[in-house]
Every structure is written in C-alpha cells, then in structure tokens.
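Numbering (mature numbering (1 follows the signal peptide of the UniProt record, and there is no 0)), first residue to last: -26 to -1, 1 to 152. From the three backbone atoms N, C-alpha and C, an ideal C-beta is built for every residue, glycine too. Because the structure is a prediction, the values reported are computed rather than measured.
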Amino acid sequence: MKLRKIITMGLAAIMAVSAMSISAFAANIPMRSEVDTKAASADNPVTYRTEDGIKITIYDPNISLDFAEKEEPEIALANASGRVYIPNIQTGVGNKTNSFSADGNSIVKFGLSIWEGGPKYNVALYNSKNVCLAVAEDVPKSSEGTLDGTGSDGDYYFRVSTYYTAGNASYYAYTISK
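Structural data, given as structure tokens:
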C-alpha cells in the first residue's frame, strides 16, 4: 500500500511541476500591446499572446491576426469551405484547406463551423508561394479569426492541426470589404 501511495504522490509532483513549467513558459510570451508586429519578418518573427491565451506568431509585417468569439458564420459568403481532418501536431504540420483569393481591400474571416476534436486547434496562413505568413496556436473552436493585410498577389490557404484530440472539421473562409 505504501508503494502505491509513493508512486501516486510522485506522479502528482511531476504533474504539478509540468503545469508550473507550462505556466512559466506562457508568462514569458509578451502580450500584443508589448510587441511591434510591423517589425516581423520571415527571419525574425514576432510572437505574442492574446488575452484569450492564443499564441500568435507573425512572419509578415503587413499581416494582422485577431480572434473573437464566433458569430454565426456566413457560409453563403464563403470563398473557401469544406471538410478537413485536423491531425495531432506530432504527425506533421497539419492539413491544407482549399485556397481562397483576397485583395488588399478586404478582411478575411475564418473559423471552424464544426469540429469533432478538441478543445483547441492551431492554424497557419500560407500564400500561394507556400510561404507561412502567420501562425495561431491554441485557438478555441468557439473563436473566429480576422485576418488583415493580405495583398492581391494570389491565393492563400490555411493549414490546421491540434495539440489535443484529432478529428474531422468543417471550415470556412470569406472576405469582407474594409
């Protein structure tokens, strides 16, 4: 009986130290108001954390990425929509969505209308040249992204993954005028 108690206490201590390490790591990431996203580049990305705990890394100084509680998605307006399997990130960079076009005079709204995995997902924005422009990690499935700063130089697409339970999802992306 004593051995079981010792093992249980040891495991509890390991979990507590892990939780503290994760909290300390998250605390080292500055908030958005503390960084200059215009200084971002592919060689020197800017990383910050939102109030909701979403970690965002910007690789293009023209890109702005925000998240808010999802409103009813206007699927009828979707430039890109479909189903995608969202894998656990340990299996690779994530699965690619259909591409969509955007110009410099529009904002892109995107999110998951259905997700069987959870509780959070990661999303990365790429341009048609397969260059990563921004990454958001630990996005709650109830959140919708707002992307600003796309140019008129072609199509874009997302790659989605998760650190948690993998699953099927339905996604959407649509543009609205500024």
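Here Ala143 carries a strand assignment [DSSP, helix/strand/coil].
At a Cβ-Cβ threshold of 9 Å, Ser73 and Ala54 count as neighbours. By alpha-carbon distance to Gly27, the top candidate from Lys44, Pro114, Ala76 is Pro114. For Glu43, the enclosing beta strand (DSSP E) has its first and last residue at 38 to 43. Bounds of the beta strand (DSSP E) holding Asn101 are 94 to 101. Here Gly123 is buried. Its C-beta has 16 or more other C-beta atoms within 10 Å. Assignment of beta-bridge partners to Pro114 by DSSP yields Lys94.
In the DSSP assignment, Ser80 falls within the unbroken beta strand (DSSP E) covering 80 to 89.
Per DSSP, reduced to three states, the secondary structure at Thr71 is coil, with no helix or strand assignment. The beta carbon of Gly92 sits closer than 8 Å to those of Lys115, Thr136, Tyr138, Thr139, Gly141, all from its chain and outside the five residues before and after it, given in chain order. For Arg6, same chain residues with a beta-carbon under 7 Å away, outside a window of 5 residues either side, are Tyr22, Thr24 in chain order. Shown here for Gly56: same chain residues with a beta carbon closer than 6 Å to its own, the five before and five after excluded, namely Asn72 in chain order. Counting only the Cα atoms, Ala13 lies some 12 Å from Ser38. By alpha-carbon distance to Lys103, the top candidate from Ile63, Lys29, Tyr130, Ser126 is Tyr130.
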